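Numbering (this note's numbering), first residue to last: 40 to 299.
Just so it is clear, CB atoms sit at the ideal spot from N, CA and C, and this is done for glycine as well.
The model shown is predicted, which means the values in this text are computed figures rather than measured ones.
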Amino acid sequence: MLTVDDLSKTYADGTRALSSIDLSVQQGEIVALIGGSGCGKTTLLRLIAGLDQASQGAVQVDGETIRAPHPSVGVVFQEPRLLPWLDVAGNVGFGLADLPRSERRARVTHALERVGLAEHGGRWPRELSGGQQQRVAIARAFVARPRVLLLDEPFSALDAFTRKGLHEQLLDLWAESKPTILIVTHDVGEAVTLADRVVVMRPRPGRLDETVPIGLARPREPVAATYEDAVRRVLAALDHSLRPASANRPAAPETRASWW
Ligand SMILES: Nc1ncnc2c1ncn2[C@@H]1O[C@H](COP(=O)(O)OP(=O)(O)O)[C@@H](O)[C@H]1O
Ligand SMILES: [Mg+2]
40 MLTVDDLSKT YADGTRALSS IDLSVQQGEI VALIGGSGCG KTTLLRLIAG LDQASQGAVQ
100 VDGETIRAPH PSVGVVFQEP RLLPWLDVAG NVGFGLADLP RSERRARVTH ALERVGLAEH
160 GGRWPRELSG GQQQRVAIAR AFVARPRVLL LDEPFSALDA FTRKGLHEQL LDLWAESKPT
220 ILIVTHDVGE AVTLADRVVV MRPRPGRLDE TVPIGLARPR EPVAATYEDA VRRVLAALDH
280 SLRPASANRP AAPETRASWW
């Protein structure tokens, strides 16, 4: 239902951020994008969100070409990007101005419950911790009921404990309406916890490298042998993505870029 067809992006300064990306994601599928810094992950999400124009190729959601920000496509960034002059409930309901007031209120209340902030609707963003603010951003994305939800390193500024709670809340919300999710992460454990498959990217120019299917039942326990095996497979794919395209033996350590 989300299709990316031969997508390329070259910035005005000549940087080839993406080269000929093909990706097809099923309704309700969760795909993690992982790869070294600068391999075009944010560029790819921005193009899918309609926040920037491709140099070549197209993005379609349910057959509709995305050329500008679209109500079917929601985005959560690394920073919560809340509006400081609105309270928490106001931020979550901000995009629902067209809905009747009772419906808006019901959706906001439900989403805030789901992210554990039922008591916090009247607070100001500045009164919340970083993890709470990101919960508000996730609630705001879900209340609009997007068909596709894009998350660009949404948890990377948070501590591991907070992150684990947010993984569970994200999966709970996902289970209700099953949007297609594309999540960029630097964290292999996060990718294996959340995704149906992990797509590894390669830089200069940014392109897709290997795809690692995860195929584990949820909820996933990091102590399970099958989970550890999935982590090892993603790490191997990442390692491969850091080698020159032509090399079939590992590059010397000093020539290998670090991906974290
Ligand atoms: N607005 C821009 N103008 C020029 N180059 C850019 C711009 N945005 C990103 N780039 C470059 O494009 C490449 C991919 O960037 P980005 O998509 O941010 O990668 P990632 O999110 O994987 O770290 C990098 O080389 C980056 O420096
Ligand atoms: Mg990025």
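DSSP, reduced to helix, strand and coil, places residue 175 within a helical segment of the structure shown.
Taking each of 61, 109, 181, 251 in turn and checking the Cα distance to residue 152, the smallest one comes out for 181. Residue 168 is positioned such that its CB atom lies no closer than 8 Å to that of residue 95. As the crow flies, the alpha-carbon of residue 91 is around 35 Å from that of residue 258. Annotation: the continuous beta strand (DSSP E) that includes residue 236 extends over 236-241. Between residue 239 and residue 269, the CB-CB gap reaches or exceeds 8 Å.
Relative to residue 253, the option among 241, 246, 273 whose CA is nearest is 273.
Distance from the C-beta of residue 217 to the nearest heavy atom of ligand 2 is not below 7 Å. Relative to ligand 2, the beta carbon of residue 48 is positioned no closer than 7 Å to any heavy atom. Taking 8 Å as the cut-off, the Cβ atoms of residue 176 and residue 121 count as close. In this structure, ligand 1 has no non-hydrogen atom nearer than 7 Å to the beta-carbon of residue 226.
Just so you know, the alpha carbons of residue 174 and residue 205 end up roughly 7 Å apart. Non-local C-beta neighbours of residue 86 in its own chain, meaning closer than 7 Å and more than five positions away in sequence, comprise 46, 48, 93, 98, ordered along the chain. Residue 140 counts as exposed, since fewer than 16 other beta carbons sit within 10 angstroms of its beta carbon. Inclusion of residue 74 in the 7 Å shell around ligand 1 follows from its C-beta lying nearer than that to a non-hydrogen atom of the ligand. The alpha carbon of residue 217 has as its nearest neighbour, out of 191, 69, 171, the alpha carbon of 69. Classified as exposed, residue 207 has fewer than 16 neighbouring CB atoms from the shown chains inside 10 Å of its CB. In the DSSP assignment, residue 248 falls outside any alpha helix (DSSP H) and within the unbroken beta strand (DSSP E) covering 246-252.
Contact check for residue 88 and residue 114: beta-carbon distance about 5 Å, within the 8 Å limit, so the pair qualifies.
Taking the Cα positions, residue 138 is about 9 Å away from residue 144.
By the rule of a C-beta closer than 7 Å to any heavy atom of ligand 2, the residues picked out are 80, 81, 191, 192, 223.
Residue environment: residue 65 is assigned as exposed (fewer than 16 neighbouring CB atoms within 10 Å of its CB, all protein chains considered).
Annotation for residue 203: the continuous alpha helix (DSSP H) segment containing it runs 199-216.
Going by C-alpha positions, residue 133 is about 31 Å away from residue 63. Burial check for residue 246: the Cβ neighbour count within 10 Å reaches 16 or more, so the residue is buried. For residue 42, the uninterrupted beta strand (DSSP E) segment begins and ends at 41-49.
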